[in-house]
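Chemist: In the numbering used here, the protein residues as written are 878 to 950. Glycine included, each C-beta is placed from N, C-alpha and C at the ideal position. Below you'll find the structure I mean.
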């Protein structure tokens, strides 16, 4: 039964990481499109992109930690 909990925690952590990768990829792609359309605003776009990517990574970290804490219950 313990192996089931470990497997589910690993699955949850993996889903959190995949979700974060998809989110950061979409943020980067959208930022590149925006910079291509308005090169003069690249500084503001890049700053907003970095902040958004950091927030997505933070949420993914919470997901990984929460799924791994499920093993310790």
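1) So, does the region 919-928 touch the region 887-896, judging by three or more C-beta pairs under 8 angstroms?
2) What is the DSSP secondary structure of residue 926, reduced to helix, strand or coil?
3) By a C-beta neighbour count over all protein chains shown, 10 Å radius and 16 as the cutoff for buried, is residue 937 buried or exposed?
4) Cutting at 6 angstroms between CB atoms, please list the residues of its own chain near residue 904, excluding the five before and the five after it.
5) How big is the Cα-Cα spacing for residue 959 and residue 941?
6) When the Cα atoms are used, what is the spatial distance from residue 919 to residue 898?
7) Under 8 angstroms, do residue 948 and residue 883 count as touching if we go by C-beta distance?
Modeler: Reading off the structure:
1) With a cut-off of 8 angstroms, the region 887-896 and the region 919-928 do not count as touching, because too few Cβ pairs lie within range.
2) Locating residue 926 in the chain shown gives position 49, where the first residue counts as 1. Collapsing the DSSP output to three states places residue 926 in a helix.
3) For the purposes of this step, residue 937 is identified with residue 60 of the chain shown, where counting begins at 1. By the 10 Å Cβ count, residue 937 comes out buried.
4) Looking up residue 904 in the chain shown gives position 27. Closer than 6 angstroms at Cβ, skipping near neighbours: 926, 929, 930.
5) What is shown of the chain runs 878 to 950, which leaves residue 959 out entirely.
6) Indexing the chain shown from 1 puts residue 919 at position 42. Indexing the chain shown from 1 puts residue 898 at position 21. Near 23 angstroms, if we compare the C-alpha coordinates of residue 898 and residue 919.
7) To locate residue 948, count along the chain shown from 1; it is residue 71. To locate residue 883, count along the chain shown from 1; it is residue 6. Their beta carbons are under 8 angstroms apart, which means residue 948 touches residue 883 by this criterion.
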